[in-house]
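Colleague: -19 is the number of the first residue of the sequence shown in the working numbering; add one for each residue after it.
Where a beta carbon is used, it is the ideal one built from N, C-alpha and C, also for glycine.
For reference, the structure I am asking about is given below.
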Amino acid sequence: MADIGLECTCGKVKGVARNISPSTARRVICYCEDCQNFARKLNRADDVLNAFGGTEIFQITPSQVEITQGQDQLRYLKLSEKGIYRWYTDCCKTPAGNMIGPKLPFLGIVHTFMGKDNACDKSLGPVRYSVMEQDAIKSPVTSSTEMPKAESSAPKFPISLMIKIFARLFLDSLGGKNKPNTYFKSDGTPISD
Ligand SMILES: [Zn+2]
Ligand SMILES: [Zn+2]
């Protein structure tokens, strides 16, 4: 288990993700259009997305994360009415966490929010899932680049992973791991509009 420093690109927002290990943080690459649109909206496609449009995310619970500095910079957007909360920092438009909502203990941290001296492979292990590959960019700029390998790859969102996420959500809900929650007030409203 390790604590991982979180930091936006300009350094105004800082935080920490606690008790991180390959078993408590699921490392996933998502190629879905929403994740791509989010990165493009923030003008961060160049460093958030890989050559095929994939976003590397590690999935943890809100209780593992504390924003220690610059919390007032956090904003969120939803790409659709029922979409997930996609947090980012106002200062430098760094993605700062994807959440389903205040009640569910699910938090996806995009790799660009990890402090620069973190070694992904060491603390998170290999990429376990590569999902929504049907939306991947077919012809990357540099044709020599190969799509990053994952233990399991799927054109859509695989049922097996869905079941794992829901099972974990259920257990973590019982364990109250949606709290403390750095992104939502105790009444369930987001900390920013
Ligand atoms: Zn910043
Ligand atoms: Zn996605």
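For Asp70, which of helix, strand or coil comes out of DSSP?
Modeller: By one-based count along the sequence shown, residue 70 stands at place 90. DSSP places Asp70 in coil when its eight states are reduced to three.
Colleague: Between Ala130 and the rest of its own chain, which residues show a CB-CB distance below 7 Å, the 5 nearest in sequence each way excluded?
Modeller: Position 150 of the sequence shown, counted from the start, is the residue given in the question as residue 130. Within the same chain, Ala130 has close Cβ partners Ile9, Val107, Arg108, Tyr109 and Ser110.
Colleague: Three-state secondary structure (DSSP) at Pro138?
Modeller: In the sequence shown, counting from the first residue as 1, residue 138 sits at position 158. Of the three classes helix, strand and coil, the one that applies to Pro138 here is coil, per DSSP.
Colleague: List the whole-angstrom C-beta distance separating Gly95 from Leu(-14), where the pair is believed to meet the contact cut-off of C-beta under 8 Å.
Modeller: Translated into the one-based positions of the sequence shown, residue 95 becomes position 115. Translated into the one-based positions of the sequence shown, residue -14 becomes position 6. Yes, Gly95 and Leu(-14) are in contact; Cβ-Cβ is about 6 Å, under 8 Å.
Colleague: What does a CB cutoff of less than 7 Å around Ile117 pick up in its chain, not counting 5 residues either side in sequence?
Modeller: Locating residue 117 in the sequence shown gives position 137, counting from the first residue. Once the five neighbours on either side are set aside, the close Cβ partners of Ile117 are Phe32 and Gly33.
Colleague: When you compare the stretch 144 to 154 with the stretch 11 to 30, are there three or more beta-carbon pairs, one atom per stretch, that lie closer than 8 Å?
Modeller: Not touching, per the Cβ criterion.
Colleague: With distances taken from each beta carbon to the nearest heavy atom of ligand 1, which residues come in below 6 Å, in chain order?
Modeller: Answer in sequence order: Cys(-12), Thr(-11), Cys(-10), Lys(-8), Val(-7), Thr69, Cys71, Cys72 and Thr74.
Colleague: Are the CB atoms of Ser153 and Pro85 within a distance shorter than 8 Å?
Modeller: Stepping through the sequence shown from its first residue, residue 85 is reached at position 105. Stepping through the sequence shown from its first residue, residue 153 is reached at position 173. Going by C-beta atoms, Pro85 is nearer than 8 Å to Ser153.
Colleague: Please report the straight-line C-alpha distance between Pro128 and Val90, rounded to a whole angstrom.
Modeller: Locating residue 128 in the sequence shown gives position 148, counting from the first residue. Locating residue 90 in the sequence shown gives position 110, counting from the first residue. C-alpha separation (whole angstroms): 16 Å.
Colleague: Does DSSP classify Lys159 as helix, strand or coil?
Modeller: Indexing the sequence shown from 1 puts residue 159 at position 179. Coil.
Colleague: Once the 5 residues before and after Asp115 are set aside, which same chain residues still bring their CB inside 8 Å of it?
Modeller: Taking the first residue of the sequence shown as 1, we reach residue 115 at position 135. Counting only Cβ-Cβ distances below 8 Å, and skipping sequence neighbours, we find Tyr11, Cys12, Glu13, Gln16 and Gly33.
Colleague: In chain order, what residues place their C-beta within less than 5 Å of a heavy atom belonging to ligand 2?
Modeller: Here the list is Cys10, Cys12 and Cys15.
Colleague: Quick one: what's Phe164 bridged to in DSSP?
Modeller: The residue given as residue 164 occupies position 184 in the sequence shown. Per DSSP, Pro170.
Colleague: Out of curiosity, what's the CA-to-CA distance linking Leu29 and Glu36?
Modeller: The sequence position of residue 29 within the sequence shown is 49, counting from 1. The sequence position of residue 36 within the sequence shown is 56, counting from 1. Going from the Cα of Leu29 to the Cα of Glu36 covers about 8 Å.
Colleague: Is it the case that the stretch 68 to 75 contacts the stretch 38 to 47, given that we only count it when at least three CB pairs across the two stretches are under 8 Å?
Modeller: No: the two stretches stay apart, fewer than three of their Cβ pairs being nearer than 8 Å.
Colleague: Going by DSSP, what residue range makes up the alpha helix (DSSP H) through Gln16?
Modeller: In the sequence shown, counting from the first residue as 1, residue 16 sits at position 36. Run containing Gln16: Glu13 to Lys21, per the alpha helix (DSSP H) assignment.
Colleague: Cα-Cα, which of Cys(-10), Met79, Arg55 and Met112 is closest to Ser43?
Modeller: Taking the first residue of the sequence shown as position 1, residue 43 is located at position 63. Of Cys(-10), Met79, Arg55 and Met112, the residue nearest in Cα terms is Met79.
Colleague: Output needed for Ile0: all residues of its chain with C-beta closer than 6 Å, excluding positions within five of it in sequence on either side, in chain order.
Modeller: Counting from 1 along the sequence shown, the entry for residue 0 is found at position 20. Excluding residues within five positions, the ones whose Cβ falls inside 6 Å are Ala(-18), Ile(-16) and Ser103.
Colleague: If I measure Cβ to Cβ from Ala5 and keep anything under 6 Å in the same chain, skipping five residues before and after, which residues do I get?
Modeller: One-based indexing of the sequence shown puts residue 5 at position 25. Closer than 6 Å at the Cβ level, and outside the excluded window around Ala5, lie Phe38, Ile40 and Leu104.
Colleague: Would you report the Cα separation of Leu59 and Thr169, rounded to the nearest angstrom?
Modeller: Sequence index remark: in the sequence shown, residue 59 carries index 79 (1-based). Sequence index remark: in the sequence shown, residue 169 carries index 189 (1-based). So the alpha carbons of these two residues sit roughly 18 Å apart.
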